[in-house]
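*Asks:* Protein chains in written order, with our numbering: chain A, 1 to 99; chain B, 100 to 198; chain C, 199 to 297; chain D, 298 to 396.
Each residue gets a CB set at the ideal place from its N, CA and C atoms; glycine is no exception.
4 protein chains.
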Amino acid sequence: MQVILDLCLVPLGVGVSVSQYVAECHRVLQEAGLKHQLHAYGTNIEGDWDAVMAAVKRCHERVHEMGAPRITTTIKLGTRTDREQTMADKVQSVEKKLQ
Amino acid sequence: MQVILDLCLVPLGVGVSVSQYVAECHRVLQEAGLKHQLHAYGTNIEGDWDAVMAAVKRCHERVHEMGAPRITTTIKLGTRTDREQTMADKVQSVEKKLQ
Amino acid sequence: MQVILDLCLVPLGVGVSVSQYVAECHRVLQEAGLKHQLHAYGTNIEGDWDAVMAAVKRCHERVHEMGAPRITTTIKLGTRTDREQTMADKVQSVEKKLQ
Amino acid sequence: MQVILDLCLVPLGVGVSVSQYVAECHRVLQEAGLKHQLHAYGTNIEGDWDAVMAAVKRCHERVHEMGAPRITTTIKLGTRTDREQTMADKVQSVEKKLQ
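1. Three-state secondary structure (DSSP) at A:L34?
2. In angstroms with no decimal places, state the Cα-to-Cα distance between B:D188 and D:M363.
3. Starting from A:G15, find everything on chain C with Cβ-Cβ shorter than 8 Å and list it in chain order.
4. From the DSSP output, read off the bridge partner residues of A:T8.
5. Would a C-beta distance cut-off of 8 Å place B:T178 and B:Q129 closer than the cut-off?
6. If C:K295 and B:Y140 are in contact, beta carbons under 8 Å, what's the gap, nearest whole angstrom?
7. Quick one: what's C:D246 bridged to in DSSP?
8. Determine, using beta-carbon pairs with one atom in the segment 17-36 of chain A and one in the segment 315-333 of chain D, whether at least three such pairs fall under 8 Å.
9. Run down chain A in chain order and give the residues with a C-beta less than 9 Å from the C-beta of C:T241.
10. Skipping 5 residues on each side, what residues in its chain have a beta carbon closer than 6 Å to that of D:Q334?
11. Is it buried or exposed for A:R70, if we count other Cβ within 10 angstroms and need 16 for buried?
12. For my contact list, C:C257 and C:C223 are in at a C-beta cut-off of 8 Å; report their separation, rounded to the angstrom.
13. In terms of DSSP beta bridges, what is B:G141 paired with?
14. Can you pull out the residues from the segment 67-87 of chain A whose beta carbon lies closer than 7 Å to at least one beta carbon of chain B?
15. Is the shortest distance between the beta-carbon of D:K354 and the beta-carbons of chain A less than 8 Å?
16. In three-state DSSP terms, what is A:R83?
17. Cα separation between C:L203 and C:V250?
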C-alpha cells in the first residue's frame with residue numbers, strides 16, 4: 001500500500017527553535033531513501049506504507065536521542081486503491097484546474 | 100516506545116456518511132486489544148508504537164476493503180521519554196489546573 | 199454557519215508541561231459560552247463559526263500573554279449544509295453502528 | 298497577530314476527485330491578496346490572523362456553494378511573539394541546518 005504523508009514533528013522542552021530537529025528528520029528520510037519535500041509547515045513523504053511509517057518512528061527515536069523529552073506530531077496521510085498518485089500528481093491536478 | 104494517538108480517518112468517494120467506517124475502525128482497535136476512546140472528531144488510542152501503528156494500517160486496509168477508494172487521515176501522536184503518561188493522565192492534569 | 203472543531207494548542211518554549219495553558223483555553227471557551235469537551239489529545243468545540251474562531255484566537259492571545267513565545271496549533275473542523283449535527287450526534291451515529 | 302497556516306480542506310459527498318475544490322480555494326486566497334504556496338498535502342498561507350481566517354471561512358462557503366454538502370478541514374497554524382517569521386524563513390532555517 002502506497003501512502004502520501006505530511007509530517008510535522010514538534011519537540012517540546014527544548015526551547016522555541018526546532019529547525020535542528022526538523023533537519024535531523026530530513027537526514028532520516030534521506031537515509032531511508034524516501035522521496036520527500038520540505039515545506040513551510042511540514043514535510044511531504046511518499047512511498048510504501050511500512051517504509052514511510054518506519055521512517056516516522058525513526059524520526060521520533062532520533063529526536064528523543066537528541067535530547068527532546070517530549071514530541072507531539074501531526075500527520076496527514078492518504079491512501080487510494082482506485083489509482084496510483086504521486087506528490088507531483090496531486091500538485092499538478094490542482095494546477096491544471098487553475099489554468 | 101509508548102504512544103498516545105488521535106486518529107481521524109475520512110473515506111472519500113462513499114458519500115457524506117462515514118460513521119460505518121469509523122465503527123469498523125473501532126472493531127479493528129477492539130480486536131487489537133488497544134485502549135481507545137471515541138470522541139466527536141476522532142478516536143484516542145494508547146499503547147506500544149508498533150501495535151498502535153499496525154492497527155492504524157489495518158484500519159486503512161479494512162476501510163478500503165469496505166469499498167472506499169480513497170482515504171485521508173489526520174493523526175496527532177505524542178511520545179515522551181521523561182515519564183509515562185496515559186490518556187487518563189492527560190485529561191486529569193488539565194482538570195486539576197481547572198479546580 | 200455552524201462548525202464542530204477539534205482544537206489542540208501546543209505552546210513552545212515553556213517546557214514539557216502544557217496543562218496550565220490548556221486549562222486557560224478552557225476558561226476562554228467557558229467565558230465565550232461555547233459547548234466544549236476536553237479529551238486526551240485536544241478539545242472539541244461546537245458553535246457558530248465566528249464565535250468559535252474568535253475563541254480560538256483568544257486562546258492564542260491568552261497563551262502568549264501567559265508567557266509562551268511560540269504556539270503551534272492543530273485544528274480539525276467540519277461544516278455541513280445537508281443537515282444540523284452536534285458533537286453528541288457524531289458520537290451517537292458511530293455507537294449505533296457498533297450495536 | 299501574524300499567522301502561518303497550513304490548510305487542507307476535504308469536501309465529502311462529491312466523489313474521489315477534490316482538485317477543483319482545492320483550485321477554488323486558491324482563487325479565494327488570490328482574491329484575498331494573501332501569500333500562499335500549494336504543496337502535495339495542503340496549502341501554506343501567511344498573513345494577519347483575521348485576514349487569513351476570513352479567507353479560510355470563505356473557502357468553506359465557496360466549496361459548499363459549489364455543491365459539497367460536507368467539508369472536513371485540517372489546519373496547522375503557528376503564531377509567535379518573540380520575532381517575525383515568514384514561510385520562507387521557516388524553510389531556510391531548516392535548510393541552513395542541513396548544509
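*Replies:* In short, the structure shows the following:
1. Position 34 of the first sequence holds residue 34 of chain A. Three-state DSSP puts A:L34 in coil, outside helix and strand.
2. In the second sequence, counting from the first residue as 1, residue 188 of chain B sits at position 89. In the fourth sequence, counting from the first residue as 1, residue 363 of chain D sits at position 66. Each residue's Cα considered, the two are about 44 Å apart.
3. Position 15 of the first sequence, counted from the first residue, corresponds to residue 15 of chain A. Simply L210 and G211.
4. As a first step, residue 8 of chain A is located in the first sequence; it is residue number 8 there, counting from the start. Reading off the sequence shown, one finds Cys at residue 8 of chain A, where the question assumed Thr. Paired residues: A:T74.
5. Along the second sequence, read from residue 1 onward, the residue named residue 178 of chain B stands at position 79. Along the second sequence, read from residue 1 onward, the residue named residue 129 of chain B stands at position 30. No Cβ-Cβ contact shorter than 8 Å links B:T178 with B:Q129.
6. As a position in the third sequence, residue 295 of chain C is number 97, starting the count at 1. As a position in the second sequence, residue 140 of chain B is number 41, starting the count at 1. The pair is not a contact, with the Cβ atoms about 17 Å apart (cut-off 8 Å).
7. Counted from its first residue, the third sequence places residue 246 of chain C at position 48. By DSSP's assignment, C:D246 forms a beta bridge with C:Q200.
8. Counting Cβ pairs under 8 Å, fewer than three are found: no touch.
9. As a position in the third sequence, residue 241 of chain C is number 43, starting the count at 1. Those do not exist, as C:T241 stays about 15 Å from chain A at its closest Cβ, beyond 9 Å.
10. Taking the first residue of the fourth sequence as position 1, residue 334 of chain D is located at position 37. These residues qualify, in order along the chain: N341.
11. To locate residue 70 of chain A, count along the first sequence from 1; it is residue 70. Buried, because 16 or more other Cβ atoms sit within 10 Å of the Cβ of A:R70.
12. Here residue 257 of chain C is taken as the residue at index 59 of the third sequence, counted from 1. Here residue 223 of chain C is taken as the residue at index 25 of the third sequence, counted from 1. Contact between C:C257 and C:C223 holds, since their C-beta atoms are separated by about 4 Å, short of 8 Å.
13. The residue you call residue 141 of chain B lines up with position 42 of the second sequence. Here B:G141 is bridged, per DSSP, to B:H138.
14. Flagged, chain order: P69, R70, I71, T72, T73, T74, I75, K76, L77, G78, T79, R80, T81 and D82.
15. As a position in the fourth sequence, residue 354 of chain D is number 57, starting the count at 1. So no, D:K354 is outside the interface.
16. Taking the first sequence and counting its residues from 1, the one referred to as residue 83 of chain A is at position 83. Reduced to three states, the DSSP call for A:R83 is coil.
17. Taking the first residue of the third sequence as 1, we reach residue 203 of chain C at position 5. Taking the first residue of the third sequence as 1, we reach residue 250 of chain C at position 52. One Cα belongs to C:L203, the other to C:V250, and the distance between them is close to 8 Å.
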